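To start, the structure itself, in structure tokens.
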Amino acid sequence: MSKEEFVKDLANKLKKLETNVQLEKRIYVKEKLKLEIKAIRGRIEESLTKEVEVKENNTVQISKENILVYNTKEIRKNKENQRLEVKAKEIYLENLVGCTIYAHSEESLFISNCINCQIFCTAKQIRLTNSSKIFFDAFTYTGIFIEKSNEVKIKERKEKNNFCCNVKDFSAPFSSKNYKFVN
């Protein structure tokens with residue numbers, strides 16, 4: 005295994021551990037995971053003796069200074085009839101038409117001015133504005149927040165800790181018909 009492959013493997017393990025830390029409810033287990041993360045970061049830094057750049061789906065980079073850096077924001081806009089895969093801490097989807105999107109956000113997923121899109125995603129929160137004919141198959145820790153959008157379909161999922169059915173429609177907070185749940 006080459007040094008780049010070794011570092012890439014460690015970076016993948018690091019990403020999985022960081023996701024597990026976010027999901028874990030027990031403080032003791034969470035602290036153990038944080039120690040593992042610290043150890044892996046140390047191994048990555050030790051293994052780098054020269055300038056190495058590793059990119060994994062454009063989310064993990066090891067800079068010239070041997071510091072692990074995550075892209076904090078990923079923006080996709082002005083696309084039609086495309087299949088998009090996006091991973092980042094924050095994701096912004098803007099002006100998309102007829103696209104199928106696979107998105108994994110560690111924080112928030114922001115969607116605006118999109119029409120006739122299918123979105124398969126995981127995020128702490130999902131915000132939808134000025135969009136129509138959107139289908140969601142989502143896993144979210146807080147819910148889906150809708151504003152000035154209509155014809156939104158949300159796949160009803162009954163997983164533990166999934167709040168995709170917690171929808172807040174700020175366009176019509178008392179009598180919203182802008183979204184519906186589907187099986």
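Quick note: the sequence shown uses my numbering, first residue 5, plus one each step.
Idealized CB from N, CA, C, for every residue including glycine.
As the structure is a computational prediction, the values presented were derived from the model and not from experiment.
When DSSP labels each residue in this structure, what does residue i get in the three-state scheme?
i	result
residue 167	coil
residue 19	helix
residue 147	strand
residue 24	helix
residue 176	coil
residue 40	helix
residue 160	coil
residue 153	coil
residue 136	strand
residue 181	coil
Give me, in chain order, the residues of the same chain whose beta-carbon lies closer than 8 Å to that of residue i; leave out the 5 immediate sequence neighbours on both sides.
i	result
residue 27	165
residue 38	25
residue 76	92, 93, 94
Which term fits residue i, buried or exposed, when burial requires 16 or more other beta carbons within 10 angstroms of its beta carbon?
i	result
residue 123	buried
residue 175	exposed
residue 146	exposed
residue 183	buried
residue 138	buried
residue 19	buried
residue 33	exposed
residue 186	exposed
residue 31	exposed
Please look up how many angstroms separate the CB atoms of residue i and residue j, rounded, as I've assumed it's under 8 Å.
i	j	result
residue 119	residue 90	With a Cβ gap of about 18 Å, residue 119 and residue 90 do not count as contacting.
residue 7	residue 44	Actually they are not in contact, since the Cβ atoms of residue 7 and residue 44 sit about 15 Å apart, beyond 8 Å.
residue 85	residue 103	7 Å
residue 88	residue 115	Actually they are not in contact, since the Cβ atoms of residue 88 and residue 115 sit about 12 Å apart, beyond 8 Å.
residue 35	residue 21	Not a contact, Cβ separation roughly 12 Å.
Leaving out the 5 sequence neighbours to the left and right, which residues in its chain are closer than 6 Å to residue i when beta-carbon positions are compared?
i	result
residue 140	123, 158
residue 161	168
residue 111	93, 94, 128
residue 4	No answer is possible for residue 4: the residues shown for the chain start at 5 and end at 187.
residue 148	130, 171
residue 108	91, 126
What does residue i pair with, by DSSP beta-bridge criteria?
i	result
residue 86	DSSP output for residue 86 lists no bridge partner at all.
residue 94	77
residue 112	129
Beta-carbon within less than 7 Å of residue i's beta-carbon, same chain only, minus the 5 sequence neighbours each way: which residues are those?
i	result
residue 136	119, 153, 154, 155
residue 178	none
residue 47	14
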